[in-house]
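To start, the structure itself, in structure tokens.
And the structure:
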């Protein structure tokens with residue numbers, strides 16, 4: 026709040042400054058030290074948001090501060106926009122890639138499997154045009170490169186990176202990406218399809234590989250219920266040097282690289298129920314369950330899966346996500362960090378994490 030009071034006068038009228046401060050309490054099944062301590066309570070993130078409009082040009086930006094162990098501080102998004110008319114808008118800068126369910130394919134704090142392969146809540150640097158005609162919406166975008174113009178893994182979005190010290194010859198990065206997303210609103214149901222095509226540049230061979238992805242989605246609202254469903258197919262074809270395994274690429278974010286299968290299909294399904302109420306400061310409870318499955322193309326690669334059951338509590342400007350997340354061959358949920366999303370292990374256990382994310386949003 027104090028930051029907003031100081032920054033707003035510098036920007037002048039027409040701009041809004043906000044942000045959030047968030048913490049996590051968590052315990053999990055795979056770390057005995059955490060279990061012995063009955064869980065840990067830790068700083069999650071502090072973020073600043075600026076949005077506004079002057080002379081017809083809009084600005085929307087968010088910068089986040091994380092602990093050093095989670096990559097430190099970096100830009101979440103930041104773009105300038107211009108509305109040509111009521112139904113057509115252009116955005117230039119770092120903004121959300123128009124692919125699949127928007128803005129999220131999930132209801133919980135942990136997102137879903139597409140997020141961990143860079144296909145949910147992804148932000149890149151480029152230009153996007155949004156157009157709407159009655160109930161039909163269309164997004165066309167071109168991204169010159171990732172939000173950070175290098176393959177560093179200190180970033181918010183999960184992207185292909187090349188600076189894994191254990192595998193330096195996996196020297197790939199995303200460039201020259203095209204996106205097309207179309208959706209039609211049928212009243213209580215939105216149906217849509219997305220396509221993505223781009224280059225994967227290898228800094229060792231100096232050749233361009235390719236990456237493609239396609240998705241179909243449904244987003245339905247009925248009374249207090251919301252249903253999200255999505256099917257994704259993706260394939261990455263890197264131009265690696267001789268002897269380098271093409272069946273996986275290195276991805277990373279929050280300062281942590283890990284390996285991801287080059288080709289897979291992903292199934293997503295989530296259901297939520299919103300319950301308004303008056304109980305002290307609490308005004309709403311949203312209950313949800315989100316499931317997603319990653320089916321890898323290679324015969325010797327085991328599937329990865331996750332399920333999150335939880336509740337979002339709204340109390341004034343405080344939001345709490347109370348989640349019980351389980352995963353199989355999932356690097357962020359107790360599976361092998363390096364190869365959970367590649368070969369994994371056969372018949373893996375379901376690892377679990379109980380998490381409360383508590384945030385004050387201003």
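In my numbering, the protein residues as written are 26 to 387.
Heads up, the beta-carbon is just placed ideally off N, CA and C, and yes, glycines get one too.
All figures in this text were calculated on a predicted structure; none of them were measured in a lab.
On the three-state DSSP scale, how would you describe residue i?
i, result
"residue 358", "helix"
"residue 93", "helix"
"residue 226", "strand"
"residue 368", "coil"
"residue 119", "strand"
"residue 27", "Note that residue 27 scores 48 on pLDDT, short of 50, meaning its location in the model is unreliable and no value can be drawn from it."
"residue 128", "coil"
"residue 139", "helix"
"residue 363", "coil"
"residue 42", "strand"
"residue 213", "coil"
"residue 112", "coil"
"residue 107", "strand"
"residue 260", "strand"
"residue 220", "strand"
Confirm, please, whether the CB-CB distance from residue j to residue i is below 8 Å.
i, j, result
"residue 229", "residue 185", "no"
"residue 88", "residue 101", "yes"
"residue 380", "residue 51", "yes"
"residue 39", "residue 79", "yes"
"residue 197", "residue 263", "yes"
"residue 333", "residue 133", "yes"
"residue 119", "residue 150", "yes"
"residue 238", "residue 257", "yes"
"residue 289", "residue 320", "yes"
"residue 183", "residue 214", "no"
"residue 195", "residue 269", "yes"
"residue 287", "residue 327", "no"
"residue 45", "residue 385", "yes"
"residue 131", "residue 315", "yes"
"residue 154", "residue 115", "yes"
"residue 138", "residue 317", "yes"
"residue 272", "residue 323", "yes"
"residue 169", "residue 112", "no"
Tell me which residue opens and which closes the beta strand (DSSP E) that residue i is part of.
i, result
"residue 61", "No beta strand (DSSP E) contains residue 61, which is instead part of the alpha helix (DSSP H) from 57-61."
"residue 345", "343-353"
"residue 145", "Segment: none, residue 145 is in no beta strand (DSSP E) and carries neither H nor E."
"residue 182", "First-last for residue 182: undefined, no H or E at that position."
"residue 373", "Element bounds for residue 373: n/a, residue is neither H nor E."
"residue 301", "288-304"
"residue 186", "No beta strand (DSSP E) contains residue 186, which DSSP labels as neither H nor E."
"residue 390", "This structure leaves residue 390 out entirely; the chain is present only between 26 and 387."
"residue 196", "Careful: residue 196 lies outside any beta strand (DSSP E) and carries neither H nor E."
"residue 162", "161-171"
Run the CB neighbour count on residue i, radius 10 Å, all protein chains shown included, and call it buried at 16 or more, exposed below.
i, result
"residue 342", "exposed"
"residue 30", "Model confidence at residue 30 stands at a pLDDT of 46, short of 50, so the residue's coordinates are unreliable; what they give is reported in the following sentence. Counting Cβ neighbours within 10 Å, residue 30 comes out exposed, since fewer than 16 surround it."
"residue 352", "buried"
"residue 27", "At residue 27, the pLDDT of 48 sits below 50, so the modelled position is not reliable and the matter cannot be decided from this model."
"residue 306", "exposed"
"residue 249", "exposed"
"residue 63", "exposed"
"residue 358", "buried"
"residue 301", "exposed"
"residue 106", "buried"
"residue 211", "exposed"
"residue 109", "exposed"
"residue 297", "buried"
"residue 96", "buried"
"residue 93", "exposed"
"residue 308", "exposed"
Inter-stretch contact (C-beta, 8 Å, three-pair minimum) for the stretch 240-259 and the stretch 126-143: Taking 8 Å as the limit for Cβ pairs, the verdict is that the stretch 126-143 does touch the stretch 240-259.
- Item | Cβ pair count under 8 Å reaching 3, the stretch 160-172 against the stretch 357-367 | Taking a contact to require three or more Cβ pairs closer than 8 Å, the stretch 160-172 and the stretch 357-367 do not qualify as touching.
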